[in-house]
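Undergrad:
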Amino acid sequence: MSKHEKKAVFGSAQIFQAVASSFARLNPVYQLRNPVMFIVYVSAIVTTVLCFYDTGDGGKTWFVAAVCIWLWFTSLFANFAEAIAEGRGKAQAASLRAAKRDIQVKKLRSIDNRQDYMGTSSSLLRKGDLVLVEAGQFIPGDGQVVSGVASVDESAITGESAPVIRESGGDGDAVTGGTRVLSDWLVIKITSDPGESFLDKMIALVEGAKRQKTPNEIALAILLAGMTIIFLLACATLLPFSLYAVEKNGAGTVVSITVLVALLVCLAPTTIGGLLSAIGIAGMDRLVQANVIAKSGRAVESAGDINVLLLDKTGTITHGNRQAVAFVPVDAVSMQQLAEAADLSSLADETPEGKSIVQLSRSKYGIAVRDAKSLNAAFIPFSAETRLSGITVKDSQILKGAVDSIERHVVRLGGAESPEARAEADKIARAGGTPLLVARDSKILGVVHLKDIVKHGIKERLADLRRMGIKSVMVTGDNPLTAAAIATEAGVDDYIAQATPQMKLAYIKKMQEGGELVAMVGDGTNDAPALAQSDVAVVMNTGTQAAKEAGNMVDLDSDPTKLIEIVEIGKQLLMTRGALTTFSISNDLAKYFAIIPAAFASTYPALMALNVMQLSSPESAILSAVIFNALIIVFLIPLALKGVKYRPVGATKLLQRNVLVYGVGGVIVPFIGIKAIDMVLTALGVV
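With the first letter of the sequence shown counted as 1, position 506 gets the number 518 in this note's numbering; the numbers rise by one all the way through.
#1: How far does the beta strand (DSSP E) with Met130 in it extend, from its first residue to its last?
#2: Please confirm whether Val459 and Ala437 have their CB atoms less than 8 Å apart.
#3: Run the CB neighbour count on Ile684, radius 10 Å, all protein chains shown included, and call it buried at 16 or more, exposed below.
#4: Give, in chain order, every unbroken run of the beta strand (DSSP E) that is at least 3 residues long and sits entirely within the stretch 505-586.
#5: By DSSP's criteria, Pro650 is part of a beta bridge. Which residues make up the other side?
#6: Would you mind reading off the limits of the beta strand (DSSP E) that contains His421?
#7: Counting pairs of beta carbons, one from the stretch 424-442 and one from the stretch 272-283, are three or more of them closer than 8 Å?
#8: Could you tell me which residues DSSP puts in a beta bridge with Gln371?
#9: Are the stretch 254-271 and the stretch 570-580 in contact at 8 Å, needing three or more beta carbon pairs?
#10: Count Cβ pairs between the stretch 331-342 and the stretch 521-536 that sit closer than 8 Å; are there 3 or more?
#11: Which residues bound the alpha helix (DSSP H) around Val199?
#12: Terminal residues of the continuous alpha helix (DSSP H) containing Gly160?
#13: Within 10 angstroms of the Cβ of Asn46, are there 16 or more other Cβ atoms? Answer buried if so, exposed if not.
#14: Less than 8 Å between the CB atoms is what I'm expecting for Ala637 and Ile607, so what's the real figure, rounded?
#15: Taking its Cβ as the centre, do 16 or more other Cβ atoms sit within 10 Å of Arg442, making it buried, or is it exposed?
#16: Please name the residue, chosen from Ala147, Val671, Ile51, that lies closest to Ile242 on a Cα-to-Cα basis.
#17: Going by C-alpha distance, which of Val79, Gly402, Leu543 is nearest Ala389?
#18: Give the list of continuous alpha helix (DSSP H) stretches no shorter than 4 residues that lie fully inside the stretch 588-640.
#19: Determine the burial state of Ser133: buried for a count of at least 16 other Cβ atoms within 10 Å of its Cβ, exposed for fewer.
#20: Assuming Ala531 and Ile318 form a contact by the criterion Cβ under 8 Å, report the distance between their Cβ atoms to the nearest whole angstrom.
#21: Look at the Cβ atom of Val566, then the Cβ atom of Val548, and state whether they are nearer than 8 Å.
#22: Along the chain, where does the beta strand (DSSP E) containing Ala306 start, and where does it finish?
#23: Residue range of the alpha helix (DSSP H) that Glu472 falls in?
#24: For Val193 versus Gln149, is the C-beta distance shorter than 8 Å?
#25: Give me, in chain order, the residues of the same chain whose beta-carbon lies closer than 8 Å to that of Ala558; leave out the 5 immediate sequence neighbours on both sides.
#26: Could you check whether Ala274 and Ala97 sit closer than 8 Å to each other, using their CB atoms as the reference points?
#27: Using the Cβ count rule (16 or more neighbours within 10 Å means buried), how would you classify His461?
#28: Can you give me the C-alpha to C-alpha distance between Arg478 and Arg659, rounded to a whole angstrom?
#29: Measure the alpha-carbon distance for Thr613 versus Glu631 and round it to whole angstroms.
#30: Once the 5 residues before and after Asp355 are set aside, which same chain residues still bring their CB inside 6 Å of it?
#31: Give a yes or no on whether the C-beta atoms belonging to Leu136 and Val143 are separated by under 8 Å.
#32: According to DSSP, which residues form a beta bridge with Asp324?
#33: Where does Ala428 fall in DSSP's three states?
#34: How would you label Gly526, buried or exposed, when you count the other beta carbons within 10 angstroms and need 16 or more for buried?
#35: Taking DSSP's pairing of strands, which residues face Gly190 in a bridge?
#36: Could you spell out where the alpha helix (DSSP H) holding Arg298 opens and where it closes?
Structure follows, in structure tokens:
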């Protein structure tokens, strides 16, 4: 369970606020937003009026009043579900707003002189301004580090307590307003105007101020409204039908308006109608808890429907850099000799690959720790032209580099190529690794095996996606041989090798033309065209401005694997909505057997044969159904907020499970609930 899932569904403070909000939402203008619950609202008003007139229920004003009270409760409970969902967002917005503060900052006049600044308020900063932020100070707005390196506490935004390093250049140059510099200093170029920062967008999102209903949610609302209208027309025809039947038979009593109102409310899909908005809000809330900003609800919903997922190899499927995993000596050279030479050749190599060679030589082969000064060595830096790097010690050169480059260097010094080294290098390349040759002067000593390290657990997560019917596609700039090896190890379904922006864009278009919904994660300007084309486009917070503008979601954690979590959140949203819709529609069956015999028994006594639950009286049957109809909304609020438990299964299995659990359950539960309420009412002497 993630840190986000461990949060309580709601606390006592939120409950009290939601109760107050439930009454405030009884405003008719607000109720009109939900046609299904508006019918309940109007029905409550009608029964309230009937309490003061001749009810037609044989003087049973208490019965009309009881129905009236529970209809008001039904409206309030639906309001409560929406209010409690929004309350969670408002509580989170309050904590985010605490991180948004107006502070005094040092606005630089020039990037070249950190002493040349003017004091100003952070609220006056504009896009393009340069600010100096030193240890202990808060970063005043979203920006890009243009100078300096420092550790930054981002816990106010991401929830992670461990500080991160932010520096100019590379993937770690983006900073978020409201975070705090812990050490050193940074010169930051502000990239957003006031009111447009990620913090502002998160606050608006979690408060629900800009939440728009998704197309699926709108379609379902239209369906529910249509069903309600059908039930309304059906119930409206029952009164004249009852009048005609009583007049023709000369016996029985006409069905009352109160009973017809109760019948309409119970048969309309009030359960899902009351919870639909809460389900959507809670889904967006789960996304925010995962530190993802969505530009639209459509993107979240699309995430639940995608069936093709494009994943960048480096940083997503594999760790960001290749690592040395083995040394292979050749031509009678000992392992110790090769390890020592590889260590020396990498002492000045500050790349992750070079550092991994040093770490491997010392941890596995016990090479002693040495520094450059004690060796009196001259370092040979890597260059794109030579594709070599190393060290000169006591007139001896120790180098490592690409196979062809080392071979040319050795031959130039009068040495010979090593067929054994070439064979080992080819073997490593066929396995998807990167071979580096190590040479001392004119002799090749062996091969260093560099390998992309597939992230732990990624294969299992991709297998989960496959069970859900989602095809995973790895995108990489590697050659086809390396790409195939990594794809096999990671368990992806397909791969695009030597990928260019044009190739990625063409692949996405091809999938979409075939009716597929495509998701992609990216962070670079070269990803922008493909991101803009994708149905779900997740951009890293550390990504370029072009990428952020092209995407429809931004991950504040800059975790490339977050896309998989986003897919799960989208799936869970759709699963929850589908499950509760199934339950809501199926539980009408029990209400038929409760209300219809009770409503028309006085007109057609034979209908009492349908009273299979053996409810004690017509009044008890109707009142029990109305009470159950109200209370079931309350009992389902936690499920609407938490969401149905995510299971990586295909659409067919998911439909079968929903029909079995929520369809059959939706039929059985009301029979039990209505009968239990009837027994309680009878025991209390209410009916």
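No residue lacks a Cβ here, since even glycine has one placed at the ideal position from N, Cα and C. From a predicted model like this one, the values you see are computed outputs, not experimental measurements.
TA: A quick look at the data gives this:
#1: Where Met130 is concerned, the enclosing beta strand (DSSP E) stretches over 129-133.
#2: Yes, the pair counts as a contact, with Cβ atoms nearer than the cut-off.
#3: It counts as exposed.
#4: Taking only runs of at least 3 residues, the beta strand (DSSP E) segments lying wholly in the stretch 505-586 are 506-508, 530-534, 548-552, 565-567.
#5: Paired residue(s): none; Pro650 is not in a bridge.
#6: No beta strand (DSSP E) contains His421, which is instead part of the alpha helix (DSSP H) from 415-424.
#7: Because the criterion of three Cβ pairs below 8 Å is not met, the stretch 424-442 and the stretch 272-283 do not touch.
#8: Beta-bridge pairing links Gln371 to no other residue.
#9: With contact defined as three or more Cβ pairs closer than 8 Å, the stretch 254-271 and the stretch 570-580 are not in contact.
#10: The answer is no - the stretch 521-536 does not touch the stretch 331-342, with fewer than three Cβ pairs under 8 Å.
#11: No alpha helix (DSSP H) contains Val199, which is instead part of the beta strand (DSSP E) from 197-202.
#12: Segment 155-165 is the beta strand (DSSP E) holding Gly160; no alpha helix (DSSP H) there.
#13: Buried, since its Cβ has 16 or more Cβ neighbours within 10 Å.
#14: Contact holds; Cβ gap of about 5 Å.
#15: Classified as exposed, Arg442 has fewer than 16 neighbouring CB atoms from the shown chains inside 10 Å of its CB.
#16: The candidate whose alpha carbon is nearest that of Ile242 is Ile51.
#17: The shortest C-alpha separation from Ala389 is found at Gly402.
#18: The stretch 588-640 contains these whole alpha helix (DSSP H) runs: 600-612.
#19: Counting Cβ neighbours within 10 Å, Ser133 comes out exposed, since fewer than 16 surround it.
#20: At roughly 4 Å, the Cβ-Cβ gap stays under 8 Å, so Ala531 and Ile318 are in contact.
#21: Cβ atoms of Val566 and Val548: not closer than 8 Å.
#22: Note, Ala306: beta strand (DSSP E), 304-306.
#23: First-last of the alpha helix (DSSP H) with Glu472: 470-479.
#24: Yes; because the gap between Cβ atoms is below 8 Å, this pair is in contact.
#25: Answer for Ala558: Thr537, Ala540, listed in chain order.
#26: No, these two residues do not count as a Cβ contact at 8 Å.
#27: Buried, by the Cβ-count rule.
#28: When rounded, the distance between both Cα atoms is 12 Å.
#29: The sequence given here has Ala at residue 613, not Thr. Rounded to the nearest angstrom, the gap between the Cα atoms of Ala613 and Glu631 is 11 Å.
#30: Take Asp355, set aside five residues on each side of it, and the residues of its chain with a beta-carbon closer than 6 Å to its own are Val370, Ser373, Ile379, in chain order.
#31: At least 8 Å separates the beta-carbon of Leu136 from that of Val143.
#32: Asp324 is bridged to Val487.
#33: Three-state result, Ala428: coil.
#34: The C-beta of Gly526 has fewer than 16 other C-beta atoms within 10 Å across all chains shown, which makes the residue exposed.
#35: None, per the DSSP bridge assignment.
#36: Unbroken alpha helix (DSSP H) run through Arg298: 282-301.
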